[in-house]
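To keep things clear, I will list the structure first and then write my remarks on it.
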Amino acid sequence: MEKNQETAMEQPIDVLKQKAELQEYAENGDSAEAIEFAAKEAKLRPTLIVESEYPGALLWLNRAHESTDLLRSTEAKNKAVSVSPRRKTAVSIFYCTYVVAELPTSLYVKRLQFHRVIPIITFCWGLVCMCMGFIQNFAGLCVCRILLGWFEGCLFPSMTLFLANWYRREELAQRISYLFIASALSGAFGGLIAFGILYMDGVAGYPGWRWLYILEGLITLVWAAMCVYLVPKNYQTAYFLNAEDKKIMAVRAEMSESYSGGDGHYKMSDLKLAWKDTKTWLHGISQIAVVTILYGFGTFLPIIIKNGLHYSTKQAQYLVIPVNVWGAIVYAVGAVISDKYNKRFMIMVVCAPIGIAGYAILLRMDDVSVGVQYFATYLIATACFLCTGGNIAWLSGNVAPDGKRAASLGTQLTLTNLGGIISGQIYASTDAPHFVLGHSWSLGSLAFAFIIFNILRVLYKRRETKKAELRAQGVVTPPGEFTDRSPEFKYQF
8 MEKNQETAME QPIDVLKQKA ELQEYAENGD SAEAIEFAAK EAKLRPTLIV
58 ESEYPGALLW LNRAHESTDL LRSTEAKNKA VSVSPRRKTA VSIFYCTYVV
108 AELPTSLYVK RLQFHRVIPI ITFCWGLVCM CMGFIQNFAG LCVCRILLGW
158 FEGCLFPSMT LFLANWYRRE ELAQRISYLF IASALSGAFG GLIAFGILYM
208 DGVAGYPGWR WLYILEGLIT LVWAAMCVYL VPKNYQTAYF LNAEDKKIMA
258 VRAEMSESYS GGDGHYKMSD LKLAWKDTKT WLHGISQIAV VTILYGFGTF
308 LPIIIKNGLH YSTKQAQYLV IPVNVWGAIV YAVGAVISDK YNKRFMIMVV
358 CAPIGIAGYA ILLRMDDVSV GVQYFATYLI ATACFLCTGG NIAWLSGNVA
408 PDGKRAASLG TQLTLTNLGG IISGQIYAST DAPHFVLGHS WSLGSLAFAF
458 IIFNILRVLY KRRETKKAEL RAQGVVTPPG EFTDRSPEFK YQF
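Using the working numbering, you'd call the opening residue of the sequence shown number 8 and step up by one each time.
Spelled out as structure tokens, the structure:
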């Protein structure tokens, strides 16, 4: 009986391997075997979503207090660490180490193994965060910010590549979206949580802002300990998969082998291959632009609402919630559509002009009502989360083999956080209530990204045309030389 079950399982494996070979999807997707296998995959996905996403649940935890920290910088905090005159220095130091960490992490995390790296990085991040609650001077602040930037810079590429190793590329946009949805929701509700913790002022002789860091760090340390047991080494050893699930995962791994295969031992040639490819840099520079608005909007939205729209601090905290929730909903829906129809470009170019319109309204704030200005923040939220995460998923699914993908993604993420450095400089309280520099720069950044997205689409279409000609001529890539430039590889756009 068991042998018959294995034989039955082998048949759809062979059929699907032939159907999906070298990323040519869905030509025979209506076969009985393919339909049966798809049904089994559908049952497996909810388990994968729950089990593979929780290591990154605290990835954006620090975003919860960033906007509140800017909005509610108390006199006690300023006096204790003298950070107010040197705030921009502390912000820049954080992103400098963040940028440096991402490329080497992308190249080595698979070799070091995700189930080891993610808990260790999470633990170190939580420990440094907790230490932020005990700093006494500006030097201590800078040291903590340097370390915090490094560990957080290691965490995001680790999580992105972790997901890329568990999911097929046509599923990746939706899964990466969960990381950015967490960011949106942390901006929505994290500010209120931080706002409440600040009222612990005086408990055990500590001001409220110290408790904010201490409690956040402790929560992260507990989560890191849980990740030691919850993050699996691979699907073969995953405790949450039964024998049949592991067979399904084996098929998925073989179907994705042409772009996610490899043992993690990358060479310098992988880095050179990534850097010589035009699309790596186009995705990278467009990511600088969209991350500028993501970080700028996410961090400074409470200040924009408070000082620009003339609401109180408490009202600003409340009004931030629906804006970020809307951004999370739009991104979730967009990611599902992107994966379902295997379209990356269209979702982003539809949403980007909506965000541009939002910034245009804020730049004309003297001519419109406060209600219209607040509505403009929803338009911006429509674009900023989706364009940022969608661009990462787009590149990740269009690079092969595994080594080149890690190098390309690491390069993109390194360039990404240059946008974080920029975003910290374009909004200043002295520019209130109009924030002309910040809104103008953000509008230009989103328009620039929109143009690059269209250039990328043209690039991919031209490459696909050349590949079709090579396939018609019978050109086949020799074993061991397969890349995304091979005629058999099909780009997503």
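Yeah, the Cβ is synthetic: ideal placement off N, Cα and C, and Gly gets one too.
Remember, it's a predicted structure, so these values are computed and weren't measured experimentally.
- Ranked by Cα distance from Arg-469, the options Leu-219, Arg-492, Gly-291 are led by Arg-492.
- When secondary structure is reduced to three states using DSSP, Lys-497 falls in the coil class, being assigned neither helix nor strand.
- Comparing C-alpha distances from Tyr-105 to each of Met-353, Leu-162, Pro-214 shows the shortest one belongs to Leu-162.
- For Lys-279, the uninterrupted alpha helix (DSSP H) run begins and ends at 275-282, by DSSP.
- The shortest CA-to-CA distance from Ile-363 to any of Leu-453, Phe-304, Asn-398, Asp-284 is the one to Leu-453.
- The residue among Met-166, Val-482, Val-483 with its C-alpha nearest the C-alpha of Ile-399 is Met-166.
- Short of 8 Å from the beta carbon of Ile-100, and not among the five residues preceding or following it, lie these beta carbons of its own chain, in chain order: Cys-149, Arg-152, Ile-153, Gly-156.
- Within a 10 Å sphere around the beta-carbon of Ile-310 sit 16 or more other beta-carbons, which makes this residue buried.
- Between Gln-243 and the set Leu-237, Lys-253, Ile-128, the nearest pair of CA atoms involves Lys-253.
- At the C-beta level, Gly-396 and Tyr-338 come within 8 Å of one another.
- DSSP places Tyr-318 in the coil class of the three-state scheme, outside both helix and strand.
- Contact between the stretch 136-143 and the stretch 106-126 is not established, with fewer than three Cβ pairs separated by less than 8 Å.
- Between Ser-293 and Ala-456, the beta carbon gap of about 5 Å places them in contact (Cβ cut-off 8 Å).
- With contacts defined by Cβ atoms closer than 8 Å, Ser-449 and Ile-300 form a contacting pair.
- Rounded to the nearest whole angstrom, the CA to CA distance from Val-443 to Cys-103 is 26 Å.
- In the structure shown, the three-state DSSP call for Ala-146 is helix.
- Inter-segment contact for the stretch 120-136 and the stretch 225-242 is present: three or more beta-carbon pairs are separated by less than 8 Å.
- Pairing Ile-387 with Phe-496 gives a Cβ-Cβ distance that is not under 8 Å.
- Per DSSP, the continuous alpha helix (DSSP H) segment holding Tyr-381 begins and ends at 377-403.
- Straight-line measurement puts the Cα of Ser-376 at about 10 Å from the Cα of Ile-368.
- Glu-159 counts as buried, since no fewer than 16 other beta carbons sit within 10 angstroms of its beta carbon.
- For Pro-239, the three-state secondary structure derived from DSSP is coil.
- Classified as exposed, Met-275 has fewer than 16 neighbouring CB atoms from the shown chains inside 10 Å of its CB.
- Here DSSP, grouped into helix, strand and coil, assigns Asn-424 to coil.
- By the 16-neighbour rule on beta-carbons within 10 angstroms, Glu-223 is buried.
- For Leu-110, the three-state secondary structure derived from DSSP is helix.
- The beta carbon of Ile-295 sits closer than 7 Å to those of Leu-422, Thr-423, Leu-425, Gly-426, all from its chain and outside the five residues before and after it, given in chain order.
- Collapsing the DSSP output to three states places Pro-164 in a helix.
- A straight-line Cα-Cα distance of about 13 Å links Ile-428 and Val-107.
- With a beta-carbon spacing of about 7 Å, Cys-358 and Gly-341 fall inside the 8 Å limit used to define contacts.
- Ser-430 is the residue among Asp-284, Tyr-381, Ser-430, Leu-237 whose C-alpha sits nearest the C-alpha of Phe-307.
- Taken through DSSP and simplified to helix, strand or coil, Pro-485 comes out as coil.
- Residue environment: His-317 is assigned as exposed (fewer than 16 neighbouring CB atoms within 10 Å of its CB, all protein chains considered).
- Around Val-330, the same chain offers Leu-308, Thr-384, Tyr-385, Ala-388 as residues with beta carbons nearer than 7 Å, after the five sequence neighbours per side are excluded.
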